[in-house]
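Engineer:
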Amino acid sequence: MEIPFPLLLLEGFPQESRFFALRAADESGGRNAATYCHAAVIPGRYPDPAVNVCNENGGFSMRMLLAAFAATTILAGAAQATTVYPLDRATILAGSPFDFKVELNKQVKAEDVKITVNGQDYKAVLGGEAQFVELEKGKDDKAIGSAILLRGLKISAPGDYKIEVVAGDETKSVTWNVYETAAQPKAKNIIFLLGDGLSVAHRTAARIMSKGMTEGKANGRLNMDDLERMAFIGTSATNAVATDSANTMSAFMTGHKTAVNAIGVYADRTPSSLDDPRVETFGEAVRRTTKKSIGIVATSEVEDATPAAVVAHTRNRSDKADIVGMLLDVKPEVLLAVARPISSARKSPVPSAKTIRTTSSSSRMPATSLRPTRASSQPMHRLKAISLACSTPAIWTSRLIASS
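As numbered in our numbering, residues 3 to 406 make up the sequence shown, in order.
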């Protein structure tokens, strides 16, 4: 006797998808016979997953559930042809500069595109006219559609802003929340300590190892357990369930979530890693609004993803030479990091003999003075790069006002 029954009905897939299905059969009509599973596939877009998610005993494994969850999460936006950056439900600090971009799925004419903000023409609210890109090209010079781009805009008035885009048969609507901070500073100084990869599981393990456990209860508490103010903050990626240091630290430093490997930008569809829509970083906000000092301390290379997120804008965390240039733009007063021989760098070492081009065109300086193992010989930049082993990455700011 054969008994068909569904395993999971996954939402978010286009009609042409083949859904996960489970069939079991045995002579007695039970459910413990061989199990067959078909992974969801979107023809022409996603390849068949090479994962064995079925259990030979007729059940289904945790790997199947995780694969299904990952598929629904990643594909939730796959059917959306038009993309607007910043993304829907973005929170934006009033007065903070950011880039606005619309990516259309087709090539259209400029006169066929209509963009409104809270029912008004976008130019009246956003304060400028966007550049129209008739055709963007992707990998292998493939045509991927028209785009609209406006860089460095600011919104001063707090509130909700609904952006609506119409271009022929393509439509998209997103809402941003623009917020402001308290008029008076809440703190004199900020020290941001980040345990890279630290999770609740690590805290639990530390508590058990240091305090012990009796009859299911910890015998003591960690100091961090009794902090006055605590909260859980999500730093998920926009394109994956699993995250990395780049997009998670970027979420802390900008207030915007982004894709894996991206720092200080929304990851767009163009091949270049340095032209993606930018959002303001913590370091830039300090420079823009105060005369405070900035320091960055890390147990990694200073151009590594976690410390780089204080200042950098790139789709690819491996753009290390460019990240050093971005550090020069912000010019932290203190920069402490761990040295790594340049010859052992994995992909994009800081050039040791060439002159690097910084993102600001005002100056160039030899990259040899930017090595993390040496103090800068350029006092005009006030950039100190020193080799130091520290216990945890940190951002230090002197007399910095806190945002509420």
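Using N, Cα and C, we set each Cβ at its ideal position, and we do this for glycine too.
1) Any contact of the stretch 91 to 100 with the stretch 151 to 166, i.e. 3+ C-beta pairs under 8 Å?
2) Where do the N-terminal and C-terminal ends of the beta strand (DSSP E) with Phe100 fall, by residue?
3) Assign Ser175 to one of two classes, buried (16 or more other C-beta atoms within 10 Å of its C-beta) or exposed (fewer than that).
4) Measuring alpha carbon to alpha carbon, tell me which residue in Lys116, Val167 and Leu195 is nearest Thr85.
5) What is the DSSP secondary structure of Ser247, counted as helix, strand or coil?
6) If you measure between the beta carbons of Val170 and Val110, is that distance less than 8 Å?
7) In the DSSP assignment, find the alpha helix (DSSP H) that holds Val326 and state where it starts and stops.
8) Please give me, in chain order, every unbroken run of the alpha helix (DSSP H) with length at least 4 that falls completely inside the stretch 181 to 224.
9) Given Ile157, which residues of its chain have a CB within under 6 Å of its CB, disregarding the five upstream and five downstream residues?
10) Note down the Cα distance separating Ser274 from Thr316, rounded to an integer number of angstroms.
11) Taking the alpha-carbon positions, what's the Asn249 to Ala264 distance?
12) Give the straight-line distance between the Cα atoms of Ala253 and Lys259, rounded to the nearest whole angstrom.
13) Is it the case that the stretch 112 to 122 contacts the stretch 274 to 284, given that we only count it when at least three CB pairs across the two stretches are under 8 Å?
14) Answer yes or no: the CB of Gln133 versus the heavy atoms of the ligand ZN, is any distance below 7 Å?
15) Sorted by chain position, which residues of the same chain lie with C-beta nearer than 8 Å to Thr245's C-beta, five sequence neighbours on each side aside?
16) Give me the Cα-Cα distance between Asp321 and Asp306, rounded to the nearest whole angstrom.
17) Would you kindly check if the distance between the Cβ of Val332 and the Cβ of Glu286 is under 8 Å?
18) Of all Cβ atoms in chain C, is any one closer than 8 Å to the Cβ of Glu131?
19) Could I get the ranges of all uninterrupted alpha helix (DSSP H) runs contained in the stretch 89 to 142, with 4 residues as the minimum, in chain order?
20) To which residues of the same chain is Tyr87 closer than 6 Å at the C-beta, ignoring the five residues directly before and after it?
21) Exposed or buried, what is Ala92 when buried is set at 16 or more other beta-carbons lying within 10 Å of its beta-carbon?
22) Given Val127, which residues of its chain have a CB within under 6 Å of its CB, disregarding the five upstream and five downstream residues?
23) Could you tell me if Leu95 is buried or exposed, where buried requires 16 or more neighbouring beta carbons within 10 angstroms of its beta carbon?
24) Straight-line CA distance for Val340 to Gly197?
25) Where do the N-terminal and C-terminal ends of the beta strand (DSSP E) with Arg153 fall, by residue?
26) Residue range of the beta strand (DSSP E) that Ala85 falls in?
27) Whole beta strand (DSSP E) runs in the stretch 284 to 317 with 3 or more residues, listed along the chain?
Structural biologist: According to the structure data:
1) yes
2) For the purposes of this step, residue 100 is taken as residue 98 along the sequence shown, with counting starting at 1. Element bounds for Phe100: Phe100 to Glu105.
3) In the sequence shown, counting from the first residue as 1, residue 175 sits at position 173. Classification for Ser175: exposed.
4) For the purposes of this step, residue 85 is taken as residue 83 along the sequence shown, with counting starting at 1. The shortest Cα separation from Thr85 among Lys116, Val167 and Leu195 belongs to Val167.
5) For the purposes of this step, residue 247 is identified with residue 245 of the sequence shown, where counting begins at 1. Correct three-state label for Ser247: helix.
6) The residue given as residue 170 occupies position 168 in the sequence shown. The residue given as residue 110 occupies position 108 in the sequence shown. Reading off the sequence shown, one finds Gly at residue 170, where the question assumed Val. Contact: yes.
7) Numbered from 1 along the sequence shown, position 324 holds the residue referred to as residue 326. Taken as a continuous stretch (DSSP letters only), the alpha helix (DSSP H) holding Val326 covers Lys322 to Val332.
8) 202 to 213
9) The residue you call residue 157 lines up with position 155 of the sequence shown. Hits under 6 Å: Val180.
10) Counting from one through the sequence shown, the residue named residue 274 turns up at place 272. Counting from one through the sequence shown, the residue named residue 316 turns up at place 314. Those two C-alpha atoms are separated by around 9 Å.
11) The residue labelled residue 249 in the question sits at position 247 within the sequence shown. The residue labelled residue 264 in the question sits at position 262 within the sequence shown. Straight-line Cα distance between these residues: approximately 5 Å.
12) Stepping through the sequence shown from its first residue, residue 253 is reached at position 251. Stepping through the sequence shown from its first residue, residue 259 is reached at position 257. Ala253 and Lys259: Cα-Cα distance of roughly 5 Å.
13) no
14) The ligand content of the structure shown is nil, which means the ligand ZN is not present either.
15) The residue given as residue 245 occupies position 243 in the sequence shown. Excluding sequence neighbours, Thr245 sits near Thr237, Ser238, Ala239 and Val262.
16) Position 319 of the sequence shown holds residue 321. Position 304 of the sequence shown holds residue 306. Going by the C-alpha atoms only, they are around 9 Å apart.
17) For the purposes of this step, residue 286 is taken as residue 284 along the sequence shown, with counting starting at 1. For the purposes of this step, residue 332 is taken as residue 330 along the sequence shown, with counting starting at 1. Closer than 8 Å, so yes.
18) The structure shown contains no chain C; it is built from a single protein chain.
19) 124 to 128
20) As a first step, residue 87 must be located in the sequence shown, where it is residue number 85. Excluding positions up to five away in sequence, the list reads Lys103, Tyr268 and Pro279.
21) By one-based count along the sequence shown, residue 92 stands at place 90. By the neighbour-count rule (16 or more Cβ atoms within 10 Å), Ala92 is buried.
22) Locating residue 127 in the sequence shown gives position 125, counting from the first residue. Closer than 6 Å at the Cβ level, and outside the excluded window around Val127, lie Val119.
23) Residue mapping note: residue 95 aligns to position 93 of the sequence shown, counting from 1. Leu95 comes out buried.
24) Here residue 340 corresponds to residue number 338 of the sequence shown, with the count starting at 1. Here residue 197 corresponds to residue number 195 of the sequence shown, with the count starting at 1. When rounded, the distance between both Cα atoms is 16 Å.
25) Position 151 of the sequence shown, counting from 1, holds the residue named residue 153. Counting along the chain, the beta strand (DSSP E) containing Arg153 begins and ends at Ala145 to Leu155.
26) Counted from its first residue, the sequence shown places residue 85 at position 83. The residue asked about is misnamed: residue 85 is Thr in this sequence, not Ala. Its beta strand (DSSP E) spans residues Thr85 to Tyr87.
27) 295 to 299
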